[in-house]
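Residue numbers (this note's numbering), protein chains in the order written: chain A, 184 to 501; chain B, 2 to 303.
Every residue gets a Cβ at the ideal spot worked out from N, C-alpha and C, and that includes glycine.
Please read all numbers here as calculations on a predicted model, not as lab measurements.
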């Protein structure tokens, strides 16, 4: 009440004091440089339109009877509770796809961590040919999946180079059409493809390990192996967590590789990924609500894995 | 006196001799192991690329180990002609180029603005925006695929357009974080001096900050390039019109549908793969100095 009166009284005057006060109030609400908000506005709008809204929309869709309608048509979309989730949970193909992604992660994630740390440590100590090695390590990472899938198809085909070299040891049926080997082959492919990026992450982390630790390890007479496990591995722990998380997310997002390498998740669904199923159910068969339910479950699955990984690695630095 | 001197001398040489022997031997083993590991790594990473080029040049696909060493009589460019007849390589490259160029342009323009605001200016919501830039990178795009498809292809009618391809990738959050990191390294005194001279914020950004972070521009361009140029899923969803498809999509369609009926399917696939791979590989070999490990780190960790 009091403030209303005082405001009314001073309004016509527009004194300097008031200008200063409104500037101060603006500053209190928007911060010292409100221009920052303006400069960030395009980015914030982008996040809102491309990430936040579709995210909410996806969750909403998974709880409703959503179907594709003609543009502009006003259709009723009923709330159906957990119906879509029940449809998903009773579909053996969905279970198979989650099992597949589990197989993928069990092979891909440990292999990625071990190989990228090993190669980054070796590369970090090298002076000669460092440039050449660094570039050759990340070439697969910067190349399109579609392009390298072409050469893997050729190498791992029935009469391909790999089977020719293996001779009588070649698996039958061949790699990509073998129900037990299709998913592991995809896991190896993705490990190979992504490794360069993770090597770069580890290289950055290795620069930050204090050199004195290596010196004192050497003074104490620790060998290369001992130094690796007592100095390097603990020293890059926060990078390891990052590599684990990113490798898990990449693995859960698997689509291109089963779509192209195993001809759409074959043989008989042995290499279907949840995202491939989302594409098939959502866009090919026209059930976007069911597809969104798979997506929500997938994100929950990744979140749980991420929390477990965080617990496992420990999180004191980041 | 002389004996003590000699003894001291001997002890000293013994020490200096012993030291390299004790530390040097495992050091040499370690070095050999290191080189073996690195050599196997380089071979494993590079061989498929070599094999891709060789395979694309062979008249008859030769999957035997001998096929890895080309016979000059078996070399041809016919596969490139064949793939170009089935999918237009040029229009694929142009579409990939427009898609990638659009994303890079938006990322650089809006990324610089956001990065500057996040590092130099103080405003309410700065902390939240920074957290969002980190969070957005772990949101799986695939969850958003269905709603984005509904919004962009159906509601906005942007299917089979370049804008529709570009939108979901328009601003690369890793780039925003890299710009922020570079701006943070510029001494604040430089900005303050310009402000005292009467320059407004945009002027400070354009004339002081931007020239100082020029190296970041190339890094961001390289890092952003990989995404759209190699992206398959999104453009595959929203382009059904072959003349609008980026090369990755048209090549993938060739692999899944047409290849089975071609006379030399692998030759044509590999020829297409070489054309798709070359721009990225060449760019990264030429500018590899600007693809630094520390930038990659700040791009994902902030």
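Subject >> Distance, residue 325/A Cα to residue 287/B Cα >> reply: Taking the second chain and counting its residues from 1, the one referred to as residue 287/B is at position 286. Taking the first chain and counting its residues from 1, the one referred to as residue 325/A is at position 142. Approximately 13 Å between the Cα atoms of the pair.
Subject >> Residues of its chain near residue 145/B, where Cβ-Cβ distance is below 8 Å and the 5 sequence neighbours each way are ignored >> reply: Along the second chain, read from residue 1 onward, the residue named residue 145/B stands at position 144. Cβ neighbours of residue 145/B beyond the five flanking positions: 169.
Subject >> residue 456/A: first and last residue of the uninterrupted alpha helix (DSSP H) it sits in >> reply: Residue mapping note: residue 456/A aligns to position 273 of the first chain, counting from 1. Element bounds for residue 456/A: n/a, residue is neither H nor E.
Original post:
Of all the options 409/A, 243/A, 422/A, which has the alpha carbon lying nearest to the alpha carbon of residue 386/A?
Top reply: One-based indexing of the first chain puts residue 386/A at position 203. When each option's Cα is compared against that of residue 386/A, the closest is 422/A.
Original post:
Considering only the beta carbon of each residue, do residue 177/B and residue 116/B sit closer than 7 Å?
Top reply: The residue you call residue 177/B lines up with position 176 of the second chain. The residue you call residue 116/B lines up with position 115 of the second chain. In contact: residue 177/B and residue 116/B (Cβ atoms closer than 7 Å).
Original post:
The alpha helix (DSSP H) with residue 89/B in it runs from where to where?
Top reply: In the second chain, the residue the question calls residue 89/B occupies position 88. Residue 89/B -> no alpha helix (DSSP H), and no H or E assigned at all.
Subject >> Residue nearest to residue 273/A in terms of C-alpha spacing, selected from 476/A, 418/A, 430/A, 218/A >> reply: Here residue 273/A corresponds to residue number 90 of the first chain, with the count starting at 1. Of the candidates 476/A, 418/A, 430/A, 218/A, the one whose C-alpha sits nearest the C-alpha of residue 273/A is 476/A.
Original post:
Does residue 432/A come within less than 7 Å of chain D when only Cβ atoms are used?
Top reply: No chain D is part of this structure, whose protein chains are labelled A and B.
**OP:** Step through the CB atoms of chain B and report whether any lies within less than 7 Å of the CB of residue 475/A.
**Re:** Indexing the first chain from 1 puts residue 475/A at position 292. Cβ-Cβ to chain B under 7 Å: yes for residue 475/A.
Original post:
For the stretch 362-377 of chain A, which residues have a beta carbon sitting closer than 9 Å to at least one beta carbon of chain B?
Top reply: 375
Original post:
Rounded to the nearest angstrom, how far is the Cβ of residue 302/A from that of residue 42/B, given a contact under 8 Å?
Top reply: Counting from 1 along the first chain, the entry for residue 302/A is found at position 119. Counting from 1 along the second chain, the entry for residue 42/B is found at position 41. Contact holds; Cβ gap of about 5 Å.
Subject >> Contact with chain B by residue 226/A, beta-carbon distance below 7 Å >> reply: Counted from its first residue, the first chain places residue 226/A at position 43. Residue 226/A counts as touching chain B.
Original post:
By DSSP, does residue 247/A sit in helix, in strand, or in coil?
Top reply: Your numbering for residue 247/A matches position 64 in the first chain. Residue state, collapsed to three classes: strand.
Subject >> Closest by C-alpha distance to residue 74/B, when choosing among 65/B, 67/B, 59/B >> reply: Residue 74/B sits at position 73 when you count from the first residue of the second chain. It is 59/B.
Subject >> Where residue 191/A falls: helix, strand or coil (DSSP) >> reply: Sequence index remark: in the first chain, residue 191/A carries index 8 (1-based). Because residue 191/A sits at a pLDDT of 43, beneath the cut-off of 50, its placement in the model cannot be relied upon, and the following sentence gives the value as read from the coordinates. Reduced to three states, the DSSP call for residue 191/A is helix.
Original post:
How would you list, in chain order, the residues of chain B whose beta-carbon sits under 9 Å from the beta-carbon of residue 276/A?
Top reply: Translated into the one-based positions of the first chain, residue 276/A becomes position 93. Near residue 276/A there are no residues of chain B at all, since even the closest Cβ is about 17 Å away, more than 9 Å.
Subject >> Three-state class that DSSP yields for residue 79/B in the structure shown >> reply: The count along the second chain starts at 1 and reaches residue 79/B at position 78. In the structure shown, residue 79/B sits in a helix (DSSP, three-state: H, G or I).
Original post:
Thinking C-alpha only, which one of 76/B, 34/B, 31/B, 30/B is nearest residue 268/B?
Top reply: Here residue 268/B refers to the residue found at position 267 when the second chain is read from its first residue. Selected option, being the one with the closest Cα: 76/B.
Subject >> is_contact[residue 166/B, chain A] using C-beta, thresh 7 Å >> reply: The residue labelled residue 166/B in the question sits at position 165 within the second chain. Not one chain A Cβ lies under 7 Å of residue 166/B.
Subject >> CA-to-CA distance, residue 65/B to residue 225/A, given in whole angstroms >> reply: Translated into the one-based positions of the first chain, residue 225/A becomes position 42. Translated into the one-based positions of the second chain, residue 65/B becomes position 64. If I take the Cα positions, the gap works out to 55 Å.
Original post:
Would you say the beta carbon of residue 269/B comes nearer than 6 Å to a heavy atom of the ligand GTP?
Top reply: As for the ligand GTP, it is missing from this structure, which has no ligand bound.
Original post:
If you draw a straight line from the C-alpha of residue 161/B to the C-alpha of residue 440/A, how long is it?
Top reply: Looking up residue 161/B in the second chain gives position 160. Looking up residue 440/A in the first chain gives position 257. One C-alpha to the other measures close to 24 Å.
Original post:
residue 372/A to residue 231/B, Cα distance in whole Å?
Top reply: Taking the first chain and counting its residues from 1, one reaches residue 372/A at position 189. Taking the second chain and counting its residues from 1, one reaches residue 231/B at position 230. Going by the C-alpha atoms only, they are around 16 Å apart.
Original post:
Under 7 Å between the Cβ atoms of residue 220/B and residue 296/B?
Top reply: Residue 220/B sits at position 219 when you count from the first residue of the second chain. Residue 296/B sits at position 295 when you count from the first residue of the second chain. Against a cut-off of 7 Å, the Cβ pair of residue 296/B and residue 220/B comes out as a contact.
Original post:
From what residue to what residue does the alpha helix (DSSP H) around residue 346/A run?
Top reply: Position 163 of the first chain, counting from 1, holds the residue named residue 346/A. From DSSP, the alpha helix (DSSP H) with residue 346/A extends over 344-349.
**OP:** Under 7 Å between beta-carbons, which chain B residues line up against residue 454/A? List them in chain order, please.
**Re:** Position 271 of the first chain, counted from the start, is the residue given in the question as residue 454/A. Within 7 Å Cβ-Cβ: nothing; residue 454/A doesn't reach chain B, min ~15 Å.
Original post:
Would a check of beta-carbon distances place residue 124/B closer than 7 Å to chain A?
Top reply: Numbered from 1 along the second chain, position 123 holds the residue referred to as residue 124/B. Yes, contact with chain A.
Subject >> Contact between the stretch 353-372 of chain A and the stretch 81-98 of chain B (3+ Cβ pairs under 8 Å) >> reply: no
**OP:** Within the same chain, show all residues whose beta-carbon is closer than 6 Å to that of residue 380/A, passing over the 5 residues directly before and after it, in chain order.
**Re:** Position 197 of the first chain, counting from 1, holds the residue named residue 380/A. For residue 380/A, where only same-chain residues beyond five positions count, the Cβ hits under 6 Å are 324.
Subject >> Sheet register partners of residue 59/B (DSSP bridge) >> reply: What you label residue 59/B is simply residue 58 of the second chain in a count that begins at 1. Note: residue 59/B sits in a beta bridge opposite 76/B.
**OP:** Using a cut-off of 9 Å between C-beta atoms, extract the partners of residue 335/A located in chain B.
**Re:** Your numbering for residue 335/A matches position 152 in the first chain. The contacting residues are 49.
Original post:
Taking the continuous alpha helix (DSSP H) assigned at residue 475/A, which residues delimit it?
Top reply: Position 292 of the first chain, counted from the first residue, corresponds to residue 475/A. Here the alpha helix (DSSP H) through residue 475/A covers 471-496.
Original post:
Going by other Cβ atoms of all chains shown within 10 Å of its Cβ, with 16 needed for buried, is residue 259/A buried or exposed?
Top reply: In the first chain, residue 259/A corresponds to position 76, counting from 1. That one is exposed.
Original post:
Distance, Cα to Cα, residue 300/A vs residue 201/B?
Top reply: Sequence index remark: in the first chain, residue 300/A carries index 117 (1-based). Sequence index remark: in the second chain, residue 201/B carries index 200 (1-based). So the alpha carbons of these two residues sit roughly 47 Å apart.
Subject >> Chain-ordered residues of the stretch 347-359 of chain A with a beta carbon less than 8 Å from chain B >> reply: 347, 348
Original post:
Using a C-beta cutoff of 7 Å, does residue 460/A count as contacting chain B?
Top reply: Here residue 460/A corresponds to residue number 277 of the first chain, with the count starting at 1. No, its Cβ sits nowhere closer than 7 Å to a Cβ of chain B.
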